[in-house]
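If you count by mature numbering (1 follows the signal peptide of the UniProt record, and there is no 0), then the sequence shown holds residues -17 to -1, 1 to 230, one letter each, in order. Where a beta carbon is used, it is the ideal one built from N, C-alpha and C, also for glycine. Treat the numbers as computed from the prediction; the structure is a model and nothing was measured. Worksheet: the structure to be examined is printed underneath.
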Amino acid sequence: MHCFRGVALFTPKLILSATAPLPAFVQSSCARSLSIYRQTLLTCQRRACSTSKVAMLIQNKAVIARRFNNIVKSAEDKREYRGLELKNGLRVLLISDPTADKSAASMDVNVGHLMDPWQLPGLAHFCEHMLFLGTAKYPSENEYSKYISSHGGITNAFTGSDHTNYHFDIAPDHLGGALDRFVQFFLCPQFTESATEREVCAVDSENSNNLQNDQWRMIQLERWIVVTAAFHCVYFLTACRTHVHCL
């Protein structure tokens, strides 16, 4: 697309329209020269595109272990799907929906509250909160959330029994910037002392609110049922001030 736009700016019609009328033989000579120039430009542009595609293929080959194009879907589902398995073991599902007005991404981490250490109940949920509060590349605590909200998007996360999910949506033109900020969560989060203290209060407040939530009580009961010596889980999903201060 970008190559086509670049060529369009250099068509003979556009160039000649900026010149004064010329004699017929001069116009013919110019036309031939411009035609040669245009063909040369097109060749260069195609080579640039080809080189870019080759570089992208080489880069993809270095990180992608397998592709899955035969995703089973409903006959009424007009979206396109592709599955990828990266060489680091990460599994990716790509979805193309021409009718969508937002781009979105979701990262599911294979750790939930059932994996909390016995002495640190609520640790998974506490870490979920902390990843939003600055990274090495984007140290400002509000950088990620501010970027998402300023470009018409929303972001959130939740901690489940055996996984933690982070997700966002945003205006399509700003997906690249959002992804760059998003992936830093999983590369180098900061966990600063000041942010840690504030989030202790946040998760403690959330835990207090959940004490009167019947659905939350049912989950707590389920946790007690699955407690064994081999596979233990702890008292709290959300964490409270007493337990998080053990950090």
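Runs of the alpha helix (DSSP H) lying entirely within the segment 117 to 205, each at least 4 residues long, are 126 to 133, 158 to 166, 176 to 193 in chain order. Around G95, the same chain offers A107, T142, G143, S144, D145, H146, T147 as residues with beta carbons nearer than 7 Å, after the five sequence neighbours per side are excluded.
DSSP, read as helix, strand or coil, puts L73 in coil. In the DSSP assignment, M90 falls within the unbroken beta strand (DSSP E) covering 86 to 92. The Cβ neighbour count for E180, taken over all protein chains shown within 10 Å, is under 16; the residue is labelled exposed. A direct Cα-Cα distance of roughly 13 Å separates R49 from L77. A107 sits in a helix when the DSSP states are folded into three classes. Around P122, the same chain offers Q173 as residues with beta carbons nearer than 8 Å, after the five sequence neighbours per side are excluded.
A residue is called buried once 16 or more other Cβ atoms fall within 10 Å of its Cβ, and P100, having fewer, is exposed. By the criterion of a C-beta distance shorter than 6 Å, M90 is surrounded in its chain by Y149, once the five residues flanking it on both sides are discounted. Within 10 angstroms of the beta-carbon of V75 lie fewer than 16 other beta-carbons, which makes it exposed. Between D152 and A119, the alpha-carbon positions lie close to 23 Å from each other. Shown here for S57: not one same chain residue has a beta carbon closer than 6 Å to its own, the five before and five after excluded. The alpha carbon of E182 has as its nearest neighbour, out of C171, V55, S86, H112, the alpha carbon of H112. A distance below 7 Å separates the beta carbons of G135 and A154. Rounded to the nearest whole angstrom, the CA to CA distance from F115 to S79 is 27 Å. CA-CA distance, R164 to D197, rounds to 36 Å. By the Cβ neighbour-count rule, G159 is exposed, with fewer than 16 other Cβ atoms within 10 Å of its own. Put simply, of S86, Q167, K70, E176 the residue whose alpha carbon is nearest the alpha carbon of Y127 is Q167.
In the DSSP assignment, I47 falls within the beta strand (DSSP E) that extends over 47 to 51. For the pair V92 and K70, the CB atoms are not nearer than the 7 Å cut-off. Ranked by Cα distance from L170, the options L67, P104, G117 are led by G117. Taking the CA atoms as reference points, G66 sits about 11 Å from L73.
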